[in-house]
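Chains as they are written, first to last, in this note's numbering: chain A, 13 to 343; chain B, 10 to 321; chain C, 6 to 283.
All C-beta atoms in this analysis are idealised placements derived from N, C-alpha and C, irrespective of residue type, glycine included.
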Amino acid sequence: MSAPLLDIRDLSIEAHKDGERLGIVERVSFSVATGEILGLVGESGSGKTVTCRALMRLLPTRSLRISGGKIEFAGRNLVTASEAEMRHIRGARIGMIFQNPASHLDPVMRIGRQIGESLVLHLQMSPREAKAQTIELLRQVGIPDPQRRADDFPHQFSGGMRQRAMIALALACSPELLIADEPTTALDVTVQAQILRLLVELRDKRGLSIILITHDLGVVAQTCDSVAVMYAGRICEKGPKRDVLAEPLHPYTSRLIACQPSASAEAGLLPSIPGQPPSPSAWPSGCRFHPRCERAIGLCRSSAPELVTVRSNHVAACHVTAPARLADEAA
Amino acid sequence: MDRFRFVLYRPLQLLPVLLGISIITFVLIRSIPGDPARLLLGTKSTPEAIARIRAQFGLDEPLWVQYLYFLKNLFNGEMGTSILYRIDVVRLIGERIGPTLSLVLGSVILAIAIAVPLATAAARNRGSLIDHTIRIISTAGLGFPAFWLGIMLIILFSVKFDMFPVSGYGDGFADRLHHMVLPCLTVALALSAVLTRNLRASMIAELSSDHATAARARGLPEGMVFWRHVLPNSLVPTINLLAVNIGWLIGGTVVVETVFSLPGMGQLLVRGIFTRDYMVVQGVAMAFACAAVLINFLADILTAAADPRVKI
Amino acid sequence: MKAGSISLAMPVRLPVPLILGLCIIGGAVILALFAPFIAPYDPILQDTTNTLKPPSRAHPFGTDNFGRDVFSRVIWGTRVDLQMGLIGVLFPFIIGNTIGAISGYVGGIVDTIFMRIVDIVLAFPFLVLMLAIIAILGPGIGSFYIAMALVGWVSYARLIRAQTLVLKHSDFVTAARSLGFSHGRIMFRHIVPNALVASIVFSMSDVVLVILSGAAVSYLGLGVQPPTAEWGIMIAEGQNFITTAWWITTFPGLAIVALAFGFSMMADGLGELLGVRE
Numbered sequence: 013m014s015a016p017l018l019d020i021r022d023l024s025i026e027a028h029k030d031g032e033r034l035g036i037v038e039r040v041s042f043s044v045a046t047g048e049i050l051g052l053v054g055e056s057g058s059g060k061t062v063t064c065r066a067l068m069r070l071l072p073t074r075s076l077r078i079s080g081g082k083i084e085f086a087g088r089n090l091v092t093a094s095e096a097e098m099r100h101i102r103g104a105r106i107g108m109i110f111q112n113p114a115s116h117l118d119p120v121m122r123i124g125r126q127i128g129e130s131l132v133l134h135l136q137m138s139p140r141e142a143k144a145q146t147i148e149l150l151r152q153v154g155i156p157d158p159q160r161r162a163d164d165f166p167h168q169f170s171g172g173m174r175q176r177a178m179i180a181l182a183l184a185c186s187p188e189l190l191i192a193d194e195p196t197t198a199l200d201v202t203v204q205a206q207i208l209r210l211l212v213e214l215r216d217k218r219g220l221s222i223i224l225i226t227h228d229l230g231v232v233a234q235t236c237d238s239v240a241v242m243y244a245g246r247i248c249e250k251g252p253k254r255d256v257l258a259e260p261l262h263p264y265t266s267r268l269i270a271c272q273p274s275a276s277a278e279a280g281l282l283p284s285i286p287g288q289p290p291s292p293s294a295w296p297s298g299c300r301f302h303p304r305c306e307r308a309i310g311l312c313r314s315s316a317p318e319l320v321t322v323r324s325n326h327v328a329a330c331h332v333t334a335p336a337r338l339a340d341e342a343a
Numbered sequence: 010m011d012r013f014r015f016v017l018y019r020p021l022q023l024l025p026v027l028l029g030i031s032i033i034t035f036v037l038i039r040s041i042p043g044d045p046a047r048l049l050l051g052t053k054s055t056p057e058a059i060a061r062i063r064a065q066f067g068l069d070e071p072l073w074v075q076y077l078y079f080l081k082n083l084f085n086g087e088m089g090t091s092i093l094y095r096i097d098v099v100r101l102i103g104e105r106i107g108p109t110l111s112l113v114l115g116s117v118i119l120a121i122a123i124a125v126p127l128a129t130a131a132a133r134n135r136g137s138l139i140d141h142t143i144r145i146i147s148t149a150g151l152g153f154p155a156f157w158l159g160i161m162l163i164i165l166f167s168v169k170f171d172m173f174p175v176s177g178y179g180d181g182f183a184d185r186l187h188h189m190v191l192p193c194l195t196v197a198l199a200l201s202a203v204l205t206r207n208l209r210a211s212m213i214a215e216l217s218s219d220h221a222t223a224a225r226a227r228g229l230p231e232g233m234v235f236w237r238h239v240l241p242n243s244l245v246p247t248i249n250l251l252a253v254n255i256g257w258l259i260g261g262t263v264v265v266e267t268v269f270s271l272p273g274m275g276q277l278l279v280r281g282i283f284t285r286d287y288m289v290v291q292g293v294a295m296a297f298a299c300a301a302v303l304i305n306f307l308a309d310i311l312t313a314a315a316d317p318r319v320k321i
Numbered sequence: 006m007k008a009g010s011i012s013l014a015m016p017v018r019l020p021v022p023l024i025l026g027l028c029i030i031g032g033a034v035i036l037a038l039f040a041p042f043i044a045p046y047d048p049i050l051q052d053t054t055n056t057l058k059p060p061s062r063a064h065p066f067g068t069d070n071f072g073r074d075v076f077s078r079v080i081w082g083t084r085v086d087l088q089m090g091l092i093g094v095l096f097p098f099i100i101g102n103t104i105g106a107i108s109g110y111v112g113g114i115v116d117t118i119f120m121r122i123v124d125i126v127l128a129f130p131f132l133v134l135m136l137a138i139i140a141i142l143g144p145g146i147g148s149f150y151i152a153m154a155l156v157g158w159v160s161y162a163r164l165i166r167a168q169t170l171v172l173k174h175s176d177f178v179t180a181a182r183s184l185g186f187s188h189g190r191i192m193f194r195h196i197v198p199n200a201l202v203a204s205i206v207f208s209m210s211d212v213v214l215v216i217l218s219g220a221a222v223s224y225l226g227l228g229v230q231p232p233t234a235e236w237g238i239m240i241a242e243g244q245n246f247i248t249t250a251w252w253i254t255t256f257p258g259l260a261i262v263a264l265a266f267g268f269s270m271m272a273d274g275l276g277e278l279l280g281v282r283e
């Protein structure tokens, strides 16, 4: 097997506040192959967005920093890359789209010029070439009448169109990897489906790799090849989508699946996970999920479970379920 | 463009304000105790002149009719005659508008030229020594009396280094420019204190905005993020701030014209007050108020041009 | 502007600008109150043998063209200028807040009329309207206070009206009304105290404007009259001697800058403490 496009190993991120150091993300590892769509799932505050900001090296430097691990992208460690190197990677080789396209587009610059800006910067296009390419990009992401819409300002676009423009912007320089941070959360359900379909289509046509950050397992089921579940700054389970969704190992994943509206629609009420997600200043000891876990045993309080490979590529960190499943598999 | 349709109907909305300005000016001048005809004509008035002014301003009629006379005269471009200069007030203002206009324009340009680099340096190095220094200086600058600042500049640049003339307006373009440097700098320094504080705040907000983050995620170097995305967005509220401060700015020019003996409208107003030349006081006050209204209108157009989201 | 509330249970850490501002203003108050004991000379005593002397040990700020001690005059000036700033703010504050609160609470035609007046007064450049009023009343400090009151109230009226409109529809006012409280009680017990926070913070930065205007009006010869020791007048009188005696104009100006800085800091700090942003 060839090396994956992106390989994150033991990435840790710290916050410092008033002289205190807090571990926001701890020893997170995952990899993305060329043409793979990885779903990064978790509640807000679980560290999924921070992880992706870190791999773009866009953490706010005064408060957050990478404290360990490596981020290997196409054979290069981004943790130690210089700022100048990173500038040639951001936008050109890794693109990023965000949850709220309205605020992530410059309100006083025309859409076309924002896209052209990247083309001129990274691909040294002339303004005329950039303009033609911009229109082509807008057409590819499904914006009708791109010639005219390129001269519009972001506020003149609808929410879905804005997200399409944002995707065009992120894909302008044909990056190998696209990070999509909750790209559909702020959109209507129908528009949501269109955007997801567009992402899959782009993967199929261009061989693009995508990290799709979401808290919605329905989105994962529709689009992803594999999935990594984060809880309280750690990865608690990851594996091929089918395995994880069909046979979740970690109790947290099971609860997430149970909380999906579609699964519980017949029951008439939406179950939720009892308790609150913890905050970095008060991580629970041992397994961080134990205060909310029905299956917790004494060991969960005192020691943090390691990720255990249960089946090919399917790993989970749980003292209770993982060993049980391992025994099953062996039998 | 639809967004600019307000340019057509806004002047109509401004009419009530302009009328209000004329009422206030009218009431002010009429509340001076004594015979208005004598006040308007000064002490050396002949009976014929008094009779003429009574007829022109309807001084024997009730007050509201007098106001209508006043309005009628206004529409005919007649604001009375200056006692001191013995010429028509409208013409007098026309002669004095040049220095005031160049003072206002010059100081706004200069103030922006001072404030943008300072705010940039402070915002991009937030929390550093530079930032704290600029913050303290601009806060202190809020309390600098323009007239004193002018005199200090004269002591420094005119008396000590003999670089610029002490006062006056000069003849010919180059000479005038030379004469205007210190007055403009005086007003600009006072104005740039407010501008710097506000520009710094909006730049800091824009620097951590989502669209700036997105621009960084596209690989734009920090400098490009700043000049292309942060600065244009933070200038929008600054245009508004300038418009809000235009009244203050005009007040500043009145004082600074006195400091530098510039023959502008401000000096005309102050002299008018001392010599009880009420026609002049009335005319200048009204001209200033109308100018402020007009400038606010222009600022609206400018804001709409700078920010495509603005609908007025 | 948004008004927040401070929790009294928590020990409040005073912002640095507030402490600095309080120190400067406190210093000015002491100078003003005890001017006769602090100032080494009589501020209006002329000494023709000792004119235009540069700063020295006997006269730290030098002497003016009448041989008066500039240092003593600056100290006595604190009295006049501080008083000018405080009284100059007091009347606009009372008038503006009253009109604004009533206008916002009553609404309807009353509100429309008051707000049109506010628009028109705001259309005039501040100092120009003030000078025009002083022109009619005649020069003097009394005229300055009246002009200030007539022109300055509009900012407060606007500010408190906006706050009142927000509070009028807030839950606790609805609750108070459903309990049958009278309009007067609701307004003065519930709305005004909450709305006033922003006005108080604004009044601190307004003091700066008033002091500068008062000094400017006096500099133009239309406010406080000579021989009173007032900073604006001192600057005006010193302007004739800038080629020979820089100290006559420099020190009173620095005094204005220092006092204004104190109030600006106070405004910043108070805004930070009370969660009010301009």
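- A distance below 8 Å separates the beta carbons of residue 300(A) and residue 244(A).
- Under the DSSP definition of a beta bridge, residue 56(B) lacks any partner.
- In terms of Cβ geometry, residue 166(A) and residue 195(A) do not form a close pair [threshold 8 Å].
- Under the three-state reduction of DSSP output, residue 137(B) falls in the coil class, being neither helix nor strand.
- Close partners of residue 33(A) in chain B (Cβ separation under 9 Å) are lacking, with about 20 Å as the shortest Cβ gap.
- Pairing residue 62(A) with residue 295(A), the inter-Cα distance amounts to about 17 Å.
- At a C-beta separation below 7 Å, residue 154(B) has these neighbours in chain C: 217, 220, 221, 258, 261.
- Segment contact: the stretch 118-137 of chain C against the stretch 52-72 of chain C, fewer than three CB-CB distances shorter than 8 Å; contact not assigned.
- For residue 94(B), there is no enclosing beta strand (DSSP E), as DSSP marks it with neither H nor E.
- Contact between residue 158(B) and residue 198(B) holds: CB atoms are separated by about 6 Å, below the 8 Å threshold.
- The alpha-carbon of residue 74(A) is positioned some 15 Å away from that of residue 35(A).
- Just measuring C-alpha positions, the residue of 136(C), 158(C), 167(C) sitting nearest residue 228(C) is 136(C).
- Fully contained in the stretch 25-56 of chain B are the following alpha helix (DSSP H) runs of length 4 or more, in chain order: 45-50.
- Taking 8 Å as the threshold, the shortest C-beta distance from residue 244(C) to chain B falls below it.
- Around residue 88(B), the same chain offers 98, 99, 292 as residues with beta carbons nearer than 6 Å, after the five sequence neighbours per side are excluded.
- According to DSSP, residue 109(A) shares a beta bridge with 192(A).
- Here residue 88(A) is bridged, per DSSP, to 85(A).
- Secondary structure of residue 73(C) (DSSP, three-state): coil.
- Spatial neighbours of residue 22(C) in its own chain (CB-CB distance under 8 Å, excluding positions within 5 residues in sequence) are listed in chain order as 270, 271, 273, 274, 277.
- Bounds of any alpha helix (DSSP H) do not take in residue 53(A); it lies within the beta strand (DSSP E) bounded by 49-53.
- Within 8 Å of the CB of residue 238(B), the CB atoms of chain A belong to 118, 121, in sequence order along the chain.
- For residue 42(A), the enclosing beta strand (DSSP E) covers residues 32-44.
- Closest by C-alpha distance to residue 198(C), out of 97(C), 103(C), 69(C), 42(C), is 103(C).
- The Cβ neighbour count for residue 140(A), taken over all protein chains shown within 10 Å, is under 16; the residue is labelled exposed.
- Counting C-beta atoms within 10 angstroms of its own C-beta, residue 249(C) has fewer than 16 neighbours from the protein chains shown and is therefore classed as exposed.
- With fewer than three CB-CB distances shorter than 8 Å, the stretch 57-67 of chain B does not count as touching the stretch 257-265 of chain B.
- Taking the Cα positions, residue 95(A) is about 29 Å away from residue 214(A).
- In chain order, 267 place their CB closer than 6 Å to the CB of residue 279(B), counting only its own chain and leaving out the 5 sequence neighbours on each side.
- Judged by pairs of C-beta atoms under 8 Å, the stretch 68-82 of chain C touches the stretch 52-59 of chain C, as three or more such pairs exist.
- The beta carbon of residue 242(B) sits closer than 8 Å to some beta carbon of chain A.
- DSSP places residue 26(A) within a strand segment (E or B) once states are collapsed to three.
- Taking 8 Å as the cut-off, the Cβ atoms of residue 41(A) and residue 20(A) count as close.
- At a cut-off of 8 Å, the C-beta of residue 110(A) has a neighbouring C-beta in chain B.
- In terms of CA proximity to residue 180(B), 272(B) leads the group 71(B), 272(B), 301(B), 49(B).
- Shown here for residue 65(A): same chain residues with a beta carbon closer than 7 Å to its own, the five before and five after excluded, namely 71 in chain order.
- Contact with chain B is found for residue 103(A), since one of that chain's Cβ atoms lies less than 8 Å from the residue's Cβ.
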